[in-house]
Amino acid sequence: MKILFVCMGNICRSPTVEAVARVEFARAGLDIEVDSAGTENYHIGRQADPRAIALAEANGYPMSAHRARQVCSDDFSRFDQLLVMDNTNLRAVLAKTPESARDRVALFLPFVGISEPVELPDPYYGSAGDFQHALDLARDGIMALVGRIGAQGHPRTDR
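Residue numbers (my numbering): 30 to 188.
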């Protein structure tokens with residue numbers, strides 16, 4: 030299984046979710062490839078936001094190697110699921126999505142079973158508390174996804 034997490038610039042939310050997913054999927058023994066991308070090209074090739082990196086790494090989620098990239102046409106055939114952080118970026122992704130891949134694009138939190146909040150808020154213009162909230166939602170979402178995938182009997186690496 031391959032999952033792409035998507036936000037706007039690929040420097041805060043989606044790389045945080047990717048970092049959490051990488052660690053938590055490995056802990057759960059799930060063999061899932063993860064990546065992240067942005068809908069915009071503002072930060073291509075740059076590291077994630079230093080605030081996001083510091084917080085993720087302080088919580089055991091390595092993120093310093095991340096480099097931002099933009100969603101590309103190959104992503105729609107490469108990934109089994111494209112999970113988007115908010116409605117604005119969902120519309121941007123769907124505008125580029127081939128008809129054959131539309132059923133693989135969804136909002137991250139509702140997809141994993143979290144109905145409130147519907148969107149993972151962008152902490153970029155916010156405070157340290159906003160970055161912590163984004164990390165907490167990323168962790169909650171990924172743990173819900175771990176439970177969902179495990180319950181579906183997805184192949185595990187520890188079997």
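We treat Cβ as the ideally placed atom computed from N, Cα and C, and that holds for glycine.
Within the chosen definition, does the segment 152 to 164 reach the segment 125 to 134 through at least 3 CB pairs nearer than 8 Å? no
Taking 8 Å as the cut-off, decide whether the C-beta atoms of Glu-69 and Met-114 are in contact. Stepping through the sequence shown from its first residue, residue 69 is reached at position 40. Stepping through the sequence shown from its first residue, residue 114 is reached at position 85. No, Cβ-Cβ distance for Glu-69 and Met-114 is not below 8 Å.
Can you tell me whether DSSP reads Val-100 as helix, strand or coil? As a first step, residue 100 is located in the sequence shown; it is residue number 71 there, counting from the start. Coil, per DSSP.
Cutoff 6 Å; reference Arg-51; Cβ partners in own chain excluding five residues on either side: Taking the sequence shown and counting its residues from 1, one reaches residue 51 at position 22. Excluding sequence neighbours, Arg-51 sits near Val-63.
Hey, could you find the ends of the alpha helix (DSSP H) Phe-137 is sitting in? In the sequence shown, the residue the question calls residue 137 occupies position 108. It spans 137 to 141 - the alpha helix (DSSP H) in which Phe-137 sits, taken as one unbroken run.
Going by the CB atoms, is the gap between Ile-32 and Leu-112 shorter than 8 Å? The residue given as residue 112 occupies position 83 in the sequence shown. The residue given as residue 32 occupies position 3 in the sequence shown. Yes, the pair counts as a contact, with Cβ atoms nearer than the cut-off.
What would DSSP say about Gln-105, mapped onto helix, strand or coil? On the sequence shown, residue 105 is found 76 positions in, with the first residue counted as 1. In the sequence as displayed, the identity of residue 105 is Phe instead of Gln. The answer is helix: DSSP assigns Phe-105 an H, G or I state.
In angstroms, rounded to a whole number, what distance separates the CA positions of Ser-65 and Gln-181? In the sequence shown, counting from the first residue as 1, residue 65 sits at position 36. In the sequence shown, counting from the first residue as 1, residue 181 sits at position 152. One C-alpha to the other measures close to 24 Å.
Can you name the residues that DSSP bridges to Gln-110? Against the sequence shown, residue 110 aligns to sequence position 81. Answer by DSSP bridge pairing, in chain order: Ile-32.
With a threshold of 16 other CB atoms inside 10 Å of the CB of Pro-152, please say whether the residue is buried or exposed. Position 123 of the sequence shown holds residue 152. Buried.
If you pair each beta-carbon of the segment 115 to 124 with each one of the segment 80 to 99, do three or more pairs fall below 8 Å? no
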